[in-house]
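When we follow numbering that gives the first Met the number 0, the leftmost residue of the sequence shown carries the number 0, and every step to the right adds one.
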Amino acid sequence: MVNDQIVNKQCSQTHRSGFVNIVGNPNVGKSTLMNALVGERLSIITSKAQTTRHRIMGIVNGEDFQMVYSDTPGVLSPNYQLQRQMLEFSRSALVDADVLLYVTDVNDNPDRNADFLTKVKRICNQSGSPTSANGVHSVGRAEAQRVSVPQSGTQPAAVAEREGTRVFLIINKIDLTTQETLENLVAFWHSQLPEAEIFPISAQERFGVSQLFDAIKEALPVGPPFFPKDQLTDKSERFFVNEIIREKILQNYDKEIPYSVEVEVESFKEEDKLIRIDAVIYCERDSQKGILIGKGGSALKRVGTQARRDIEDFLQKQVFLQLYVKVDRDWRSSTSRLKHYGYDLS
Ligand SMILES: Nc1nc2c(ncn2[C@@H]2O[C@H](COP(=O)(O)OP(=O)(O)OP(=O)(O)O)[C@@H](O)[C@H]2O)c(=O)[nH]1
Ligand SMILES: [Mg+2]
């Protein structure tokens with residue numbers, strides 16, 4: 000008994016855990032980086048900006064650590080309610096990070112979303128003192144506190160006191176540039192964020208990712224895990240099915256179509272050897288419905304085939320996928336529809 004207590008005490012003194020929030024401009028590779036760090040294909044990735052619309056957690060568990068990553072939408076100047084909600088997800092990630100990964104890439108324009116960068120600079124200057132939520136609701140730490148798991152033989156886990164947010168500046172896509180340009184970029188970012196550690200990486204080619212992983216682990220505060228050690232994410236299987244279908248829509252259609260579409264799984268029935276999924280693709284206008292379906296249903300069929308393959312990979316089971324297209328007029332601008340689709344932070 001006494002020995003058990005000693006072991007548990009030692010464990011709680013060396014166990015590290017914390018929130019690692021990934022933010023930055025659209026298309027710089029935030030989701031590619033999160034998937035590389037987590038080692039799972041959780042976030043969808045496409046060459047189009049504004050691919051990610053939610054804050055998505057990916058949890059990495061080790062014997063003596065738990066890293067709770069959050070992928071977020073790229074920062075933007077919102078034009079409609081959906082984009083306002085997306086920006087709220089990105090902002091929420093500034094207030095509850097133990098380690099903030101500000102991701103830029105070799106082609107990024109640092110003047111884009113200068114306000115957001117100013118906030119990151121402020122956090123960076125304050126590193127060493129805790130940042131406060133200032134009334135902004137956070138979906139990360141606040142919720143995790145509620146599900147903290149007691150370690151066997153100890154008191155219910157206390158939430159580790161955060162000492163301050165560490166900021167890591169990630170320069171991604173270094174596979175696309177020269178050494179000289181990279182050196183200039185490093186110098187530029189060092190002048191912008193002198194307190195930040197800078198990591199030039201290629202998330203896609205996995206250059207520098209394991210070094211970054213180790214540095215993140217070292218930067219986490221000592222504390223018990225926030226989630227059960229076998230948990231991988233905060234999102235449901237249905238959410239990832241929606242996302243995989245949306246990824247195929249982003250890849251198969253142009254212009255406004257991908258941005259006007261939301262996907263919802265209507266039924267998900269697990270049978271012995273097969274999962275039957277019915278999903279609805281909602282668009283804003285009748286004309287978009289026609290484009291989504293295509294001539295004789297050919298476009299929708301292509302999306303269905305590509306999505307089914309990836310869903311089977313993800314769920315590790317055979318899938319029968321039925322897709323429908325419906326119009327939900329102006330859903331992107333309707334607060335109640337956005338709430339229904341899961342874009343509500345409050
Ligand atoms: N060459 C190169 N391309 C990359 C790298 N990392 C990501 N990409 C590509 O950049 C594009 C955008 O990647 P995402 O991971 O979706 O970017 P994001 O920042 O999450 O984008 P949003 O969710 O739209 O904000 C995709 O085409 C990726 O394949 C990299 O290291 N090198
Ligand atoms: Mg993304």
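Beta carbons: idealized from backbone N, C-alpha and C, even for Gly.
Please read these numbers as outputs of a predicted model, since none were measured by experiment.
Distances from the alpha-carbon of R205 to those of M33, V94, G23 and R111 put M33 closest.
For K325, the uninterrupted beta strand (DSSP E) segment begins and ends at Q317 to V326. Note on N171: 16 or more other CB atoms within 10 angstroms of its CB, so buried under the neighbour-count rule.
If only complete runs of 3 or more residues are kept, the stretch 197 to 253 shows no beta strand (DSSP E) anywhere. The beta carbon of R328 lies closer than 8 Å to those of E283 and R284 in the same chain, with the five residues before and after it left out. Relative to ligand 1, the beta carbon of K47 is positioned inside 8 Å of a heavy atom.
L219 and P72 have their C-alpha atoms roughly 23 Å apart.
By the CB criterion at 9 Å, I243 and F319 fall outside the cutoff. Excluding five sequence positions before and after Q287, the CB atoms of its chain that fall closer than 7 Å to its own CB belong to I256 and S259, given in chain order.
The criterion of a C-beta distance shorter than 9 Å is satisfied by A35 and A202. The Cβ atoms of Y101 and G207 do not sit closer than 9 Å to each other. The beta carbon of L32 sits closer than 8 Å to at least one heavy atom of ligand 1. When the alpha-carbon of P193 is set against those of Q230, V19, Q125 and L211, the nearest one is in Q125.
Ligand 1 has a heavy atom closer than 8 Å to the beta-carbon of I43. Take D107, set aside five residues on each side of it, and the residues of its chain with a beta-carbon closer than 6 Å to its own are N24 and V27, in chain order. Your pair N20 and S69 checks out as a contact, with CB atoms roughly 5 Å apart and the cut at 8 Å.
Looking only at I200, T177, I122 and Y281, the smallest Cα-Cα distance to G163 is reached by I122. In this structure, the C-beta of K29 approaches ligand 2 to less than 8 Å from one of its heavy atoms. Non-local beta-carbon contacts of R336 in its own chain, meaning distances under 6 Å to residues more than five positions away in sequence, involve W330 in chain order. Closest in alpha carbon position to G341, among K120, A195, K234 and V98, is K234.
Take L81, set aside five residues on each side of it, and the residues of its chain with a beta-carbon closer than 7 Å to its own are R331, L337 and Y342, in chain order. Here the C-alpha atom of R245 lies approximately 11 Å from the C-alpha atom of G303.
Collapsing the DSSP output to three states places S126 in coil. Per DSSP, A306 is one residue of the alpha helix (DSSP H) stretching across S297 to L314.
Within the chosen limit of 8 Å, ligand 2 reaches the beta carbon of T51 through at least one heavy atom. Counting the other Cβ atoms within 10 Å of the Cβ of A278 gives 16 or more, which makes it buried.
Each residue's CA atom was taken as its position, placing T176 and I197 some 16 Å apart.
In the structure shown, T177 adopts coil according to DSSP, grouped into three states. Distance from the CA atom of Y323 to the CA atom of G295, rounded to whole angstroms, is 14 Å. Distances from the CA of V105 to each of E236, P199, R308 and G289 were compared; the closest alpha carbon is that of P199.
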